[in-house]
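>
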Amino acid sequence: MHPGFDFTSDQTHCPFAAHTRKAFPRADFPAPEIIVQNHMIRSGLPYGPEVSDAEAASGTTSTDRGLAFVAYQDDINNGMFFVQINWFDIPTFIFGKSDPTPGYDPILGQIVTENGQTGPRFTSGLDPTDPDRDFTLPDFIISRGGEYFFSPPISAITAGLNV
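As structure tokens, then:
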């Protein structure tokens, strides 16, 4: 996304619940210092072949494919962990956008039912002809695990190298 992209106060260009808007709310957020505090350098790296015509027609696949997500952050609690719990999984975030309620992040939002299972998520603003229409989304992201890896700060590297 172009850094100068301007979100409007309504959903005409980008739904309130859009992943790009929930993951990095930019101008939607009343406290910009929170955005800086939770900043991450992140990338999704696709792997595996494209879905074939036969797979698309049958709705099934046996080929391993997906997206490896990598993020660099300076604080685990203020990085992806914070964004998942406080932005993706809160249907009323982005705050102040209540007509309609934005809903869960359509890609990574999670709703956990009383018995600990994941449940269907709703999101709104995806239908340009009826932005108030809610969509219920099935789980289509299957997490295969996650790891935290620590890298030393630049100061430790330069001190160790006597640079």
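Each step along the sequence shown adds one to the number in the UniProt record's numbering, with nothing skipped, and position 130 is 130. Ideal Cβ placement from N, Cα and C applies to all residues, glycine included.
With which residues is Y148 paired in a DSSP beta bridge?
Locating residue 148 in the sequence shown gives position 148, counting from the first residue. Beta-bridge pairing links Y148 to no other residue.
> Taking D134 and F122 to be in contact with their CB atoms under 8 Å, please state how far apart those CB atoms are, rounded to whole angstroms.
Here residue 134 refers to the residue found at position 134 when the sequence shown is read from its first residue. Here residue 122 refers to the residue found at position 122 when the sequence shown is read from its first residue. With a Cβ gap of about 5 Å, D134 and F122 count as contacting.
> Give me the DSSP bridge partner(s) of P46.
As a working mapping, residue 46 is identified with position 46 in the sequence shown. DSSP lists L67 as partners of P46.
> Once the 5 residues before and after M80 are set aside, which same chain residues still bring their CB inside 7 Å of it?
Along the sequence shown, read from residue 1 onward, the residue named residue 80 stands at position 80. So the list reads M40, A71, Q73, once near-sequence residues are dropped.
> If you drop the 5 nearest sequence neighbours on each side, which residues of the same chain put their C-beta closer than 7 Å to that of T118?
One-based indexing of the sequence shown puts residue 118 at position 118. The answer, listed in chain order, is Q110, I111, V112, D139.
> Write down the C-beta distance between F82 and L108 rounded to the nearest angstrom, noting that I regard them as a contact closer than 8 Å.
One-based indexing of the sequence shown puts residue 82 at position 82. One-based indexing of the sequence shown puts residue 108 at position 108. About 13 Å; that fails the 8 Å criterion.
> Output needed for F69: all residues of its chain with C-beta closer than 8 Å, excluding positions within five of it in sequence on either side, in chain order.
In the sequence shown, residue 69 corresponds to position 69, counting from 1. Counting only Cβ-Cβ distances below 8 Å, and skipping sequence neighbours, we find R42, S43, G44, L45.
> Taking D134 as part of the beta strand (DSSP E), name the residues at either end of that continuous run.
Translated into the one-based positions of the sequence shown, residue 134 becomes position 134. Start and end: 134-137.
> Between which two residues does the alpha helix (DSSP H) carrying S52 extend?
Taking the first residue of the sequence shown as 1, we reach residue 52 at position 52. Looking at the DSSP string, S52 is not in any alpha helix (DSSP H), and its letter there is neither H nor E.
> So what does DSSP say about T12, is it helix, strand or coil?
The residue given as residue 12 occupies position 12 in the sequence shown. Three-state DSSP puts T12 in coil, outside helix and strand.
> State buried or exposed for S124, treating a residue as buried only when at least 16 other CB atoms are found within 10 Å of its CB.
Counted from its first residue, the sequence shown places residue 124 at position 124. Per the 10 Å Cβ criterion, buried.
> Indicate the three-state DSSP secondary structure (helix, strand or coil) for S124 in the structure shown.
The sequence position of residue 124 within the sequence shown is 124, counting from 1. Three-state DSSP puts S124 in a strand.
> How close, in whole Å, do the beta carbons of T60 and V51 come, if the pair is a contact with beta carbons under 8 Å?
Working through the sequence shown from its first residue, we reach residue 60 at position 60. Working through the sequence shown from its first residue, we reach residue 51 at position 51. In fact, because the Cβ distance is near 10 Å, the residues do not count as touching under 8 Å.
> Out of F149, A156, T158, A159, which one is the CA nearest neighbour of D75?
Here residue 75 corresponds to residue number 75 of the sequence shown, with the count starting at 1. When each option's Cα is compared against that of D75, the closest is F149.
> Could you check where the alpha helix (DSSP H) with H19 kicks off and where it finishes?
In the sequence shown, residue 19 corresponds to position 19, counting from 1. From DSSP, the alpha helix (DSSP H) with H19 extends over 19-23.
> Excluding the 5 residues preceding and the 5 following G48 in the sequence, name in chain order all residues of the same chain whose CB lies nearer than 8 Å to its CB.
Locating residue 48 in the sequence shown gives position 48, where the first residue counts as 1. Within the same chain, G48 has close Cβ partners T63, D64, R65, G66.
> What is the DSSP secondary structure of I76, counted as helix, strand or coil?
For the purposes of this step, residue 76 is taken as the residue at position 76 of the sequence shown. I76 falls in the helix class under three-state DSSP.
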